[in-house]
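Asks: The listed protein sequences derive, respectively, from chains A and B. 52 is the number that UniProt numbering gives to position 52 of the first sequence; each next residue is one higher, with no gaps. 19 is the number that UniProt numbering gives to position 19 of the second sequence; each next residue is one higher, with no gaps. Backbone N, C-alpha and C define an ideal beta-carbon position, used for all residues, glycine too.
2 protein chains.
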Amino acid sequence: MSKQLPIVDAECCSPLVREPLSEPQAAELARVFKAVGDPVRLRLLSLIASHDGGEACVCDLTGAFELTGPTISHHLKVLRESGLITGERRGTWIYYRVQPETLARLSAVLTPAEGSVVTA
Amino acid sequence: MSKQLPIVDAECCSPLVREPLSEPQAAELARVFKAVGDPVRLRLLSLIASHDGGEACVCDLTGAFELTGPTISHHLKVLRESGLITGERRGTWIYYRVQPETLARLSAVLTPAEGSVVTA
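1. Using the C-alpha atoms, what's the distance from residue 66 of chain B back to residue 48 of chain B?
2. Please confirm if the region 31-44 of chain A is in contact with the region 53-70 of chain B, defined as three or more CB-CB distances below 8 Å between the two stretches.
3. So, using beta-carbon positions, are residue 122 of chain A and residue 100 of chain B closer together than 8 Å?
4. Tell me, please, whether the region 49-65 of chain A touches the region 6-26 of chain A by the rule of three or more beta-carbon pairs shorter than 8 Å.
5. CB residue 57 of chain A to CB residue 94 of chain A, shorter than 8 Å?
6. Taking DSSP's pairing of strands, which residues face residue 53 of chain B in a bridge?
7. Determine, for residue 82 of chain B, whether the minimum Cβ-Cβ distance to residues of chain A falls below 8 Å.
8. With residue 87 of chain A and residue 102 of chain A assumed to form a contact (beta carbons below 8 Å), what rounded beta-carbon distance in angstroms separates them?
9. Does the Cβ-Cβ distance between residue 32 of chain A and residue 8 of chain A come in under 8 Å?
10. Have a look at residue 111 of chain B and residue 111 of chain A and give me their C-alpha separation to the nearest angstrom.
11. List the residues of chain A whose Cβ lies closer than 9 Å to the Cβ of residue 34 of chain B, in chain order.
12. DSSP three-state call for residue 90 of chain A: helix, strand or coil?
13. Below 9 Å on C-beta distance, what does residue 101 of chain B contact in chain A?
14. So what's residue 109 of chain A in DSSP terms, helix, strand or just coil?
The following block contains the structure:
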């Protein structure tokens, strides 16, 4: 399986507190946020991201869920198609890794204005 | 209109590259990501966040969309209920502001591992 191209353009986007998103930027980003807007996919992403060596196969993931293999595979596909993870086949298994550039872009867009966060 | 309490617990969550999210954490966060997983809501959020003075009323927002007032109000309600914005009535209008703590938490969860992002 080849690497997925990132969905979110490398130039996208300034923090939304700095300037409004254009319609195409919002459409692109919303698609990726929607992919993480599901509790199973968010847990899958966190299990892959925090796994030893930064990669995990389905065999590492299924134990954490009361879901069938095909359901987990479906969610992994959505994450891949959103550019959040990549998959590489080695032998029997596909090994998944997070795409750090996509995480970084989402994280940057949501960065609040400096000094705006009140800490306890 | 009173301020909304944040949906995402102030303690939530470590970056997902550091440790897996628990089921309740993932459910909580997924709800907020789902709220920004819509192009109209994402643009509304960015218009409010980047507006002069950090606040905007519906009167400032409707011009940017080919949508009816009630549709925009519905999306604003979803953003409010997710703890992403607060609304305060002053005279005729409700003025919306982003909740920087919620943005900061989402942004922190998505922070990639240090040194993992390849820049061009």
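Replies: Put simply:
1. 17 Å
2. no
3. The structure shown does not extend to residue 122 of chain A, since chain A is modelled only from 1 through 120, so no value can be given for it.
4. no
5. yes
6. According to DSSP, which records beta bridges pairwise, residue 53 of chain B is partnered with nothing at all.
7. no
8. Their Cβ separation, rounded to whole angstroms, is 14 Å, which puts residue 87 of chain A and residue 102 of chain A out of contact at 8 Å.
9. yes
10. 10 Å
11. 33, 34, 36, 37 and 38
12. strand
13. 112, 116, 117, 118 and 119
14. helix
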